[in-house]
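With this note's numbering, letter number 76 in the sequence shown gets 76, and the count goes up by one each step, no holes.
See below for the structure under consideration.
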Amino acid sequence: MKKFLLIAVLAIAGATFAYAQPRAIGGRLGYGAEFSYEHQLGQNMISLEVGVPSFNRLEAACTYDWIDPFGATVPWNEKGEWHWYMGVGGAVQWSWQVTNAAFIGAAGRFGIEYDFWFPLQLSLDFRPTLGVAFTPGAAAFGYDVYCGGLGLGIRYKF
1 MKKFLLIAVL
11 AIAGATFAYA
21 QPRAIGGRLG
31 YGAEFSYEHQ
41 LGQNMISLEV
51 GVPSFNRLEA
61 ACTYDWIDPF
71 GATVPWNEKG
81 EWHWYMGVGG
91 AVQWSWQVTN
101 AAFIGAAGRF
111 GIEYDFWFPL
121 QLSLDFRPTL
131 GVAFTPGAAA
141 FGYDVYCGGL
151 GLGIRYKF
C-alpha cells in the first residue's frame, strides 16, 4: 500500500509539473516541412520535430536547447521578447528514395526567436546533423553530414 501511495504521489506531482510548463506547437519550414513541439523546462526547452526534409525522406530530431546561454540577451525587447538559443540532441532519418537508407546522428541547433505579447512565436534557426548512414545490402557504412538548412518556425504557445 505504501508503494502504491508513493507511486500515486509521484505520478500526480509529475503530471502537475509537466502541465505547469509552457509549451508551443506549430511548424518549421525550410528545406522541407516539419511538425514542431517545444516544452519549456525552467529557463531551457526541449524541442521535438518530425518532418519530411527535401520531401524525399522522413526525419525526427530532438534537441535540448539553452535559452539565452551565457547570460547574453537580445537588447531590443519592446512589446514581445527576443531570445536566442543553442542546443544539442539527436536525429534519425529514413529515405524511401535511396533504397530504404537510414541515418542516425547527433544534431545541433542555433537560432533566434521572437515571442509576441499574444500566444505566437516566430523563430529562425539552423540545425546541422552529423552521423552515420546505413544502406541495406552495402558492405560498409559511411559517415554523413546532413546540414538541415535554415528553418522558419511558427508556433502557437499554450
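Backbone N, C-alpha and C define an ideal beta-carbon position, used for all residues, glycine too.
As the structure is a computational prediction, the values presented were derived from the model and not from experiment.
Check: Is residue 42 buried or exposed, if buried means 16 or more other CB atoms sit within 10 Å of its CB?; Outcome: exposed
Check: Flag this pair as touching only if the segment 96-107 and the segment 45-60 have three or more C-beta atom pairs under 8 Å; answer yes or no.; Outcome: yes
Check: Along the beta strand (DSSP E) that carries residue 82, what are the first and last residues, could you check?; Outcome: 81-95
Check: Give the straight-line distance between the Cα atoms of residue 114 and residue 156, rounded to the nearest whole angstrom.; Outcome: 12 Å
Check: Using a Cβ distance threshold of 8 Å, determine whether the segment 78-93 contacts the segment 116-129, with at least three qualifying pairs required.; Outcome: yes
Check: If I'm right that residue 90 touches residue 106 with Cβ under 8 Å, what's the distance once you round it to whole angstroms?; Outcome: 6 Å
Check: Please report the distance separating the alpha-carbon of residue 123 from that of residue 151.; Outcome: 8 Å
Check: What residue range is occupied by the uninterrupted beta strand (DSSP E) comprising residue 40?; Outcome: 32-41
Check: Given a cut-off of 7 Å, decide if residue 65 and residue 45 are closer than it, judged by their beta-carbon atoms.; Outcome: yes
Check: Would residue 148 be called buried (16 or more neighbouring beta carbons within 10 Å of its own) or exposed?; Outcome: buried
Check: Please list, in chain order, all residues of the same chain as residue 26 whose beta carbon is under 7 Å from its beta carbon, the five residues on each side excluded.; Outcome: 36, 153, 154, 155 and 156
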